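Presented below is the structure to which this report refers.
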Amino acid sequence: AQTVTQSQPEMSVQEAETVTLSCTYDTSESDYYLFWYKQPPSRQMILVIRQEAYKQQNATENRFSVNFQKAAKSFSLKISDSQLGDAAMYFCAYRSPRKGATNKLIFGTGTLLAVQP
Amino acid sequence: SQTIHQWPATLVQPVGSPLSLECTVEGTSNPNLYWYRQAAGRGLQLLFYSVGIGQISSEVPQNLSASRPQDRQFILSSKKLLLSDSGFYLCAWSVGGFGEAFFGQGTRLTVV
Numbered sequence: 097a098q099t100v101t102q103s104q105p106e107m108s109v110q111e112a113e114t115v116t117l118s119c120t121y122d123t124s125e126s127d128y129y130l131f132w133y134k135q136p137p138s139r140q141m142i143l144v145i146r147q148e149a150y151k152q153q154n155a156t157e158n159r160f161s162v163n164f165q166k167a168a169k170s171f172s173l174k175i176s177d178s179q180l181g182d183a184a185m186y187f188c189a190y191r192s193p194r195k196g197a198t199n200k201l202i203f204g205t206g207t208l209l210a211v212q213p
Numbered sequence: 451s452q453t454i455h456q457w458p459a460t461l462v463q464p465v466g467s468p469l470s471l472e473c474t475v476e477g478t479s480n481p482n483l484y485w486y487r488q489a490a491g492r493g494l495q496l497l498f499y500s501v502g503i504g505q506i507s508s509e510v511p512q513n514l515s516a517s518r519p520q521d522r523q524f525i526l527s528s529k530k531l532l533l534s535d536s537g538f539y540l541c542a543w544s545v546g547g548f549g550e551a552f553f554g555q556g557t558r559l560t561v562v
């Protein structure tokens, strides 16, 4: 069974600085999808970025980018020019593309990011 | 555009009382629907998912049940709540392609 591990329960970054959140996963599949979700204090889950495993190019969305290391099964999120609004819980998630997997997402336990002014 | 509605936002229920949480999706057809639970300070645990009307799969044995009476309606229920049912419940939907899930705003359930 696939698992997702986020080993940093909490992180802190200064405003305007860069921070990297770690995520590793375990799977025997060769093709899959990975996601980062943000959960601010409102508790609304917001999709931040997604990555297809067969694509070598790292995904980027404005100030958010990933470092996808397929062989190492690592999928870290880099937030550049951190803003106060980036303070939230961040979840890494995995999805199998297999038929019958019904698009179920497997989540890590989250990393709580604090942004210091 | 697609939207998802989940209600109520907060709920306080006594132990042994019934539960009904409702979720509806607009702007898409035949979505996969999910109920997740998030305990305090924890990650998300998938409770139920549905690939079509009347089709429900349970991920973990528990005191809860789910139903999908219409294509875009997903209901989470319990006949008798337990203290351990307290938590934050999130409904989500997805379709093909990347299959990323889009979440409702959640229901904070406190069983007292």
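Protein chains in written order, with my numbering: chain B, 97 to 213; chain V, 451 to 562.
Cβ coordinates follow ideal geometry from the N, Cα and C atoms, glycine included.
As the structure is a prediction and not an experimental result, all values here were calculated from the model.
Check, Outcome
"Can you give me the Cβ contacts of residue 481 of chain V inside the same chain, cut-off strictly under 6 Å, excluding the 5 residues immediately before and after it?", "475, 543 and 545"
"From residue 454 of chain V to residue 139 of chain B, what distance separates their C-alpha atoms?", "15 Å"
"How would you list, in chain order, the residues of chain V whose beta-carbon sits under 9 Å from the beta-carbon of residue 191 of chain B?", "544, 548, 549, 550 and 551"
"What are the boundary residues of the beta strand (DSSP E) that residue 210 of chain B is part of?", "207-212"
"Find the residues of chain B that neighbour residue 538 of chain V, judging by a C-beta separation of less than 9 Å, and give them in chain order.", "139"
"What first and last residue would you give for the beta strand (DSSP E) that runs through residue 518 of chain V?", "515-520"
"Are there 16 or more other CB atoms within 10 angstroms of the CB of residue 557 of chain V, so buried, or fewer, so exposed?", "buried"
"So with Cβ pairs under 8 Å, would you call residue 494 of chain V a contact of chain B?", "yes"
"Go through its chain and collect everything with a Cβ distance to residue 551 of chain V's Cβ below 8 Å, but skip five positions before and after it.", "484, 542, 543 and 544"
"Quick check on residue 518 of chain V: buried or exposed, where buried means 16 or more other Cβ atoms within 10 Å of its Cβ?", "buried"
"What are the residues that DSSP puts in a beta bridge with residue 174 of chain B?", "B:116 and B:161"
"Is any beta-carbon of chain V found at less than 8 Å from that of residue 129 of chain B?", "yes"
"In whole angstroms, what separates the C-alpha of residue 130 of chain B from that of residue 191 of chain B?", "6 Å"
"Give the range of the beta strand (DSSP E) segment to which residue 505 of chain V is assigned.", "505-508"
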